[in-house]
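Below: the structure, in structure tokens.
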Amino acid sequence: MQFEKTFCCLCCASAPLSVDVRAPVSGYCAGQTIPIEIDVDNKSNVQLHLVKVYLRKVVTFRATMPQSSTKKTKHVIVETKEGPAPANTTKHWSLKLEIPSLPPSNLVNCSIIDLDYDLKVECVVSGVHLNLSDKKYITIGTVPLVEGAVPPAAVNGQPVVAPYGDPGQPVAQPTSPVQPPQPILPVQPPQPFLPSPTPSAPNYPMPPAGGEAPGGWVMPAPVPSPYPHPAGSGPAPAQPFPQSLYPTLG
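If you're matching positions, the sequence shown starts at 460 in this note's numbering and goes up one per residue.
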């Protein structure tokens with residue numbers, strides 16, 4: 460912010476008073492410090508008493524019912540000041556503003572409340588002359604700005620690994636060592652699969668009931684059914700009686 464003013468007395472005008480107020484960036488977060496540089500070139504015959512710098516919170520409230528209305532409040536969060544600068548002198552001051560814990564700017568999800576912050580500068584002069592004042596809006600966020608150094612030129616097209624905390628810099632990804640190509644071996648055709656032959660049991664004739672089967676097994680003999688069968692029907696088939704399945708000895 461730059462101020463310049465000439466002071467008049469009747470028809471006589473003095474040389475100008477010039478004030479230059481600078482801050483490095485327009486965005487900060489809670490806990491940071493705002494460095495402010497002030498240059499004063501007072502060529503007038505009026506003394507500059509003080510240069511005051513305020514950090515203010517500006518809240519705008521909006522109402523739509525029963526009628527549209529807007530209300531704005533301004534609250535000073537922190538302030539600093541420096542001076543004086545007598546007539547026909549040059550001054551340079553370095554000030555600092557410590558930012559306390561504050562909610563961030565721009566309530567984008569709220570349609571009835573706007574939250575902003577500004578830096579107001581006021582130059583207080585002597586006599587009956589009007590003071591000089593101006594303001595600039597700043598942004599209070601949650602992530603501080605980091606000034607990263609310019610990375611050196613990449614070697615062989617590989618990105619340079621940036622130090623931790625420098626955003627926006629390329630980070631080299633780990634790569635595995637390159638293996639030499641392996642020779643391709645001829646593929647043998649698959650061999651046909653032939654199932655192994657399974658020996659089958661010899662086809663012996665079925666022995667009669669009660670007889671002895673090969674291997675010493677005894678075939679069970681049929682026994683008559685204990686249940687009567689209806690008249691006119693043939694005899695019921697004989698039911699086999701359980702016999703021992705163990706081979707006979709001797």
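For every residue, glycine included, the Cβ atom is placed at its ideal position computed from N, Cα and C.
Exercise for the section: Assuming V580 and S564 form a contact by the criterion Cβ under 8 Å, report the distance between their Cβ atoms to the nearest whole angstrom. Expected result: What you label residue 580 is simply residue 121 of the sequence shown in a count that begins at 1. What you label residue 564 is simply residue 105 of the sequence shown in a count that begins at 1. Not really, about 19 Å apart at Cβ, beyond 8 Å.
Exercise for the section: May I ask you to report which of helix, strand or coil DSSP gives S528? Expected result: The sequence position of residue 528 within the sequence shown is 69, counting from 1. Residue state for S528 is assigned as strand, using DSSP reduced to three classes.
Problem - I599 classed as buried or exposed, judged by whether at least 16 other C-beta atoms fall within 10 angstroms - result: Taking the first residue of the sequence shown as 1, we reach residue 599 at position 140. So I599 counts as buried.
Exercise for the section: With a 10 Å radius around its C-beta and 16 neighbouring C-beta atoms as the bar for buried, classify Y487 as buried or exposed. Expected result: Taking the sequence shown and counting its residues from 1, the one referred to as residue 487 is at position 28. With 16 or more Cβ atoms within 10 Å of its Cβ, Y487 is classed as buried.
Handout entry: Separation of F462 from V512, as counted between CA atoms
Key = In the sequence shown, counting from the first residue as 1, residue 512 sits at position 53. In the sequence shown, counting from the first residue as 1, residue 462 sits at position 3. Roughly 14 Å between the two C-alpha positions.
Exercise for the section: Answer with buried or exposed for L589, where buried requires no fewer than 16 other C-beta atoms within 10 angstroms of its C-beta. Expected result: Position 130 of the sequence shown, counting from 1, holds the residue named residue 589. Label assigned to L589: exposed.
Problem - Cα-Cα separation, T549 to N568 - result: Numbered from 1 along the sequence shown, position 90 holds the residue referred to as residue 549. Numbered from 1 along the sequence shown, position 109 holds the residue referred to as residue 568. Approximately 48 Å between the Cα atoms of the pair.
Practice task
Kindly list the residues whose CB is nearer than 7 Å to the CB of V535, restricted to its own chain and excluding five residues on each side of it in sequence; keep chain order.
Solution key: Locating residue 535 in the sequence shown gives position 76, where the first residue counts as 1. So the qualifying residues of the chain are Y513, R515.
Handout entry: Rounded separation between L556 and I495 - CA only
Key = The residue labelled residue 556 in the question sits at position 97 within the sequence shown. The residue labelled residue 495 in the question sits at position 36 within the sequence shown. About 8 Å.
Practice task
Excluding the 5 residues preceding and the 5 following P562 in the sequence, name in chain order all residues of the same chain whose CB lies nearer than 7 Å to its CB.
Solution key: Counted from its first residue, the sequence shown places residue 562 at position 103. The answer, listed in chain order, is L574.
Problem - Contact set for H551: own chain, Cβ-Cβ below 6 Å, skip 5 residues either direction - result: For the purposes of this step, residue 551 is identified with residue 92 of the sequence shown, where counting begins at 1. If we look at H551 and ignore the five residues flanking it on each side, its Cβ neighbours are D498.
Exercise for the section: Rounded to whole angstroms, what's the CA-CA distance from A612 to V602? Just pull it up for me. Expected result: Taking the first residue of the sequence shown as 1, we reach residue 612 at position 153. Taking the first residue of the sequence shown as 1, we reach residue 602 at position 143. Bear in mind that the predicted position of A612 carries a pLDDT of just 42, short of 50, making it too unreliable to give a figure here.
Handout entry: Where the beta strand (DSSP E) through L591 begins and ends
Key = Locating residue 591 in the sequence shown gives position 132, where the first residue counts as 1. Judged by DSSP secondary structure, L591 falls within the beta strand (DSSP E) whose first and last residues are 591 to 600.
Exercise for the section: Please confirm if L554 has its CB atom under 9 Å from at least one CB of chain C. Expected result: You won't find chain C in this structure, because it holds only one protein chain.
Problem - Strand pairing of P562, partner residues [DSSP] - result: Within the sequence shown, numbered from 1, the residue matching residue 562 stands at position 103. Paired residue(s): none; P562 is not in a bridge.
Problem - Classification of C471 by the beta-carbon crowding that lies within 10 angstroms, buried from 16 upward - result: Sequence index remark: in the sequence shown, residue 471 carries index 12 (1-based). When all chains shown are included, C471 counts as exposed.
Handout entry: Spatial neighbours of A544 in its chain, beta-carbon cut-off 6 Å, leaving aside the 5 residues before and after
Key = One-based indexing of the sequence shown puts residue 544 at position 85. So the list reads V499, N501, L507, K550, once near-sequence residues are dropped.
Problem - Counted within 10 angstroms of its Cβ, other Cβ atoms place I493 as buried (16 or more) or exposed - result: One-based indexing of the sequence shown puts residue 493 at position 34. Counting Cβ neighbours within 10 Å, I493 comes out buried, since at least 16 surround it.
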